[in-house]
Every structure is written in structure tokens, then in C-alpha cells.
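Numbering (the numbering used here), first residue to last: 8 to 132.
Built from N, CA and C at the ideal position, the CB exists for glycine as well.
Notes for the one structure printed next.
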């Protein structure tokens with residue numbers, strides 16, 4: 008005989024949503040991919056319960072690149088702080104051509120870092 012469900016655990020209330028056929032197929036596929044028996048279980052887990060923590064395994068190459076990017080971004084941040092400190096210390100400062108070149112190099116390096124991170128994020132998702 009099936010055990011009795013406590014009153015506070017009974018699933019007596021319903022919610023109805025409207026989806027396209029494609030949305031329903033995608034929802035079913037995602038719920039199965041994440042290991043849920045039913046769409047209802049999936050929806051309850053995503054909407055009501057605490058946020059799940061996913062463990063993502065990454066390659067050694069990703070770890071090395073991430074550490075290098077972290078190091079490079081830290082260096083860029085230190086350089087930017089030094090530049091801003093010098094600018095703020097002087098009452099009037101005119102940017103020279105070499106200053107603009109440095110800023111353009113920093114901007115390009117930041118774009119490169121962002122691009123690499125975005126590529127890896129796309130692979131994870």
C-alpha cells in the first residue's frame with residue numbers, strides 16, 4: 008500500500024501556462040536532460056525550490072587561460088589605477104599621443120580577454 012502524503016506535501020494546487028509546440032518540446036527536452044521525471048518536477052525545482060548549483064568540469068587549458076586572463080586583467084587594473092592617480096594629482100593634464108596609444112592598447116587587450124572568456128562561456132552553455 009502506498010504511504011500517506013502529509014497535508015503540507017500534497018500537490019493540490021495547479022497553475023496553467025500556455026506555450027507554443029516548440030516551447031513545450033524544448034521544455035520537455037531540457038527537463039529530461041537535467042534528469043527530471045516530469046515537466047512539473049522541473050518547473051517546481053526551477054521556480055520554487057532553492058537554486059541548484061551546477062558543477063561544470065573544464066579542461067586544463069581553460070584553467071590555464073583563465074589564470075592568465077586573471078593575471079593580465081589585474082595588471083591592467085593596476086596600470087589604470089596608476090594613470091588615474093597621476094591624472095588626479097595634476098590639476099590640468101593634457102593627454103599626449105603616447106597616452107592615447109597606451110589606452111588603445113589597454114582597450115584592445117580588454118577586448119581580447121572578453122572575447123576569449125565569451126568563447127569559453129559559449130562552450131559551457
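Checklist line | Cβ pair residue 94, residue 116 closer than 8 Å | finding: Start at 1 with the first residue of the chain shown, and residue 94 comes out as number 87. Start at 1 with the first residue of the chain shown, and residue 116 comes out as number 109. Contact: no.
Notebook entry, point to check: How big is the Cα-Cα spacing for residue 17 and residue 11?
Noted result: Mapped onto the chain shown, residue 17 falls at position 10. Mapped onto the chain shown, residue 11 falls at position 4. C-alpha separation (whole angstroms): 10 Å.
Margin query: Helix, strand or coil, according to DSSP, for residue 65 in the structure here?
Written below: Along the chain shown, read from residue 1 onward, the residue named residue 65 stands at position 58. Of the three classes helix, strand and coil, the one that applies to residue 65 here is coil, per DSSP.
Margin query: Using C-beta distances below 8 Å, list every residue in its chain close to residue 43, excluding the 5 sequence neighbours before and after it, in chain order.
Written below: If you number the chain shown from 1, residue 43 lands on position 36. Once the five neighbours on either side are set aside, the close Cβ partners of residue 43 are 49 and 52.
Checklist line | For residue 39, the three-state DSSP class (helix, strand or coil) | finding: By one-based count along the chain shown, residue 39 stands at place 32. Here DSSP, grouped into helix, strand and coil, assigns residue 39 to helix.
Next item on the list: Quick one: using the 10 Å Cβ neighbour count with 16 as the cut-off for buried, is residue 122 buried or exposed?
Entry: Translated into the one-based positions of the chain shown, residue 122 becomes position 115. Taking all protein chains shown into account, residue 122 has fewer than 16 neighbouring C-beta atoms within 10 Å of its C-beta and is therefore exposed.
Next item on the list: Measure from the alpha carbon of residue 75 to the alpha carbon of each residue in 107, 111, 119 and 40, then state which is nearest.
Entry: Numbered from 1 along the chain shown, position 68 holds the residue referred to as residue 75. With distances taken between Cα atoms, residue 75 lies closest to 119.
Notebook entry, point to check: By DSSP, does residue 128 sit in helix, in strand, or in coil?
Noted result: Taking the chain shown and counting its residues from 1, one reaches residue 128 at position 121. Here residue 128 sits in helix by DSSP.
Check: What do you get for residue 47, buried or exposed, if any count of 16 or more other CB atoms within 10 angstroms of its CB means buried?
Finding: Along the chain shown, one-based indexing puts residue 47 at 40. When all chains shown are included, residue 47 counts as exposed.
Next item on the list: Return the chain-ordered list of same chain residues with a C-beta closer than 8 Å to the C-beta of residue 80, the five sequence neighbours on each side being excluded.
Entry: Residue numbering aside, residue 80 sits at position 73 when the chain shown is read from its first letter. So the qualifying residues of the chain are 117 and 120.
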